[in-house]
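Participant:
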Amino acid sequence: VGSCGTVAMAFFIAICVSVLTPLQCDDHPNHKWTVVEYPTVLCWEGTTHQVMVLLSFIGMSLPICFVSLVCQLLRAFPEKMATGSVNFLNTYAFLWERVKPERRWYVLVHLIRNLVVAMVPVLPGDFWQVSTLQIIFNISIAGFCIALPWRLMLTNVMEILVLFFVLRLVSVAAFFSTGVDENTVAWITVGLCTVLVVPLVLAVPYGLWKRFGPMRKSYKYFLCHHKAAAGSFARLLKLQLVEDEKRDNTFIDSDNLSDLDSLFEVVARNVDNLVVIGTAEVLTRPWCLGEVITAYLNNVRVRPVVFADFDMPPDAFIKDIYNIVDFSVLAQHGIDDSHAQDALWAFQALRTIRISKNFD
């Protein structure tokens, strides 16, 4: 399902344009219209074109059904996450793995925009086609700048740049009208295409280097804590660590968290040590437990610093973790109770630094 969905998303416009080929007609001086790809076929005249149009409408049922399916999946998403259905999340990950959880609706907007773009060649005349595309991409740029739906800011920036340059290319297309120096327009188009393609080409090695190359992590310590019970202590601990390290390389959510959705990504990729400030309820808090699980899954060192009221989770607690912790938040990040149990079994075996409430 995931592979088919990814292919459908990637080639959605190409599929729609191909299916709509019989509806793309070009006019002639004798006021006759012919199919662009089949100049010998007269539009709206004869049985041949009628059959082609019928097949086109039948073929369009596929992308329309795909858009309808996406609507149903987005509608079912909250209910599935409330029940902790990680299988549902992973099966249809091709839809929402790249977008922020609160921006899931952008997947549908993206598909509808692509569907409308694919239908533009059906419009008669270059003027209406170019004008419609300019309206579509101007609205897309404005809406995208407001929503910023992708999880990574770099991806959002690249999307804005791509939309901007596509809009510029559409504007250049207007120069292909009769009476314009086609050689000049061609060189302008090549130049704009180069400006568009070069950043995309450079982004590939940059992305590979960021993913697989040596990387110095941004934070030496990440303070995992239950704010109500240990917020003040976490602040005091950060001040002491900053003083000892001579630089601010300690993550605390009240200072460093700008996007809640990226919290687990920070733990997985930008932290050397997860310091778990152990209080009575810290492992029952979904976000705190998620940080511990993420650290376990990504081989990040976990250092428990615990108060007197903290006890290592007993076996009964670990086995019944699904009924103790609300997994609706964690399920959106692909975390289920089996991940929690594995992480907590490993957590049980860790050595702790135990302190009193008087910090003795």
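The numbering of the sequence shown is the working numbering, which starts it at 559 and goes up by one. Idealized CB from N, CA, C, for every residue including glycine. If you're wondering where the values come from, they're calculated on a predicted model, not measured in any experiment.
#1: Quick one: measure Cβ to Cβ for residue 867 and residue 837, integer angstroms, because I've assumed they're closer than 8 angstroms.
#2: Can you give me the start and stop residues for the beta strand (DSSP E) that residue 862 sits inside?
#3: Run through DSSP, which three-state label would residue 807 get?
#4: Measure the C-alpha to C-alpha separation of residue 582 and residue 729 and round it to an integer number of angstroms.
#5: Taking 8 angstroms as the cut-off, does the stretch 567 to 587 touch the stretch 673 to 680 (at least 3 CB pairs, one atom from each stretch)?
#6: Roughly how many whole angstroms lie between the Cα atoms of residue 895 and residue 856?
#7: Pairs of beta-carbons, one from the stretch 748 to 764 and one from the stretch 798 to 812, closer than 8 angstroms: are there three or more?
#8: Give me the Cβ distance between residue 905 and residue 850, rounded to the nearest whole Å; I'm assuming they're in contact under 8 angstroms.
#9: Do you know offhand how far residue 830's Cα is from residue 655's?
#10: In the DSSP assignment, what residue or residues form a beta bridge with residue 591?
#11: Is the beta carbon of residue 912 closer than 8 angstroms to that of residue 840?
#12: Note the first and the last residue of the continuous alpha helix (DSSP H) segment covering residue 778.
#13: Taking the beta strand (DSSP E) that residue 836 falls in, what are its first and last residues?
#14: If residue 628 sits next to residue 666, beta carbons under 8 angstroms apart, how far is it from one beta carbon to the other, in whole angstroms?
#15: Quick check on residue 663: does DSSP put it in helix, strand or coil?
Facilitator: Considering the structure as presented:
#1: Within the sequence shown, numbered from 1, the residue matching residue 867 stands at position 309. Within the sequence shown, numbered from 1, the residue matching residue 837 stands at position 279. So it is a contact: roughly 7 angstroms between Cβ atoms.
#2: Taking the sequence shown and counting its residues from 1, the one referred to as residue 862 is at position 304. First-last of the beta strand (DSSP E) with residue 862: 859 to 864.
#3: Position 249 of the sequence shown holds residue 807. Note: residue 807 maps to coil in three-state DSSP.
#4: In the sequence shown, residue 582 corresponds to position 24, counting from 1. In the sequence shown, residue 729 corresponds to position 171, counting from 1. Taking the straight line from one Cα to the other gives about 21 angstroms.
#5: Contact annotation: the stretch 673 to 680 touches the stretch 567 to 587, with at least three C-beta pairs closer than 8 angstroms.
#6: Along the sequence shown, one-based indexing puts residue 895 at 337. Along the sequence shown, one-based indexing puts residue 856 at 298. About 17 angstroms.
#7: Verdict: no, contact absent.
#8: Locating residue 905 in the sequence shown gives position 347, counting from the first residue. Locating residue 850 in the sequence shown gives position 292, counting from the first residue. Confirmed, about 6 angstroms.
#9: Walking along the sequence shown from the start, residue 830 turns up at place 272. Walking along the sequence shown from the start, residue 655 turns up at place 97. Whole-angstrom Cα-Cα distance: 25 angstroms.
#10: Stepping through the sequence shown from its first residue, residue 591 is reached at position 33. Answer by DSSP bridge pairing, in chain order: 585.
#11: Against the sequence shown, residue 840 aligns to sequence position 282. Against the sequence shown, residue 912 aligns to sequence position 354. No; because the gap between Cβ atoms is not below 8 angstroms, this pair is not in contact.
#12: Residue numbering aside, residue 778 sits at position 220 when the sequence shown is read from its first letter. No alpha helix (DSSP H) holds residue 778; the beta strand (DSSP E) holding it covers 777 to 782.
#13: Indexing the sequence shown from 1 puts residue 836 at position 278. Following the DSSP letters along the chain, one finds residue 836 inside the beta strand (DSSP E) bounded by residues 829 to 836.
#14: For the purposes of this step, residue 628 is taken as the residue at position 70 of the sequence shown. For the purposes of this step, residue 666 is taken as the residue at position 108 of the sequence shown. Contact between residue 628 and residue 666 holds, since their C-beta atoms are separated by about 6 angstroms, short of 8 angstroms.
#15: Counting from one through the sequence shown, the residue named residue 663 turns up at place 105. The answer is coil: DSSP assigns residue 663 none of H, G, I, E or B.
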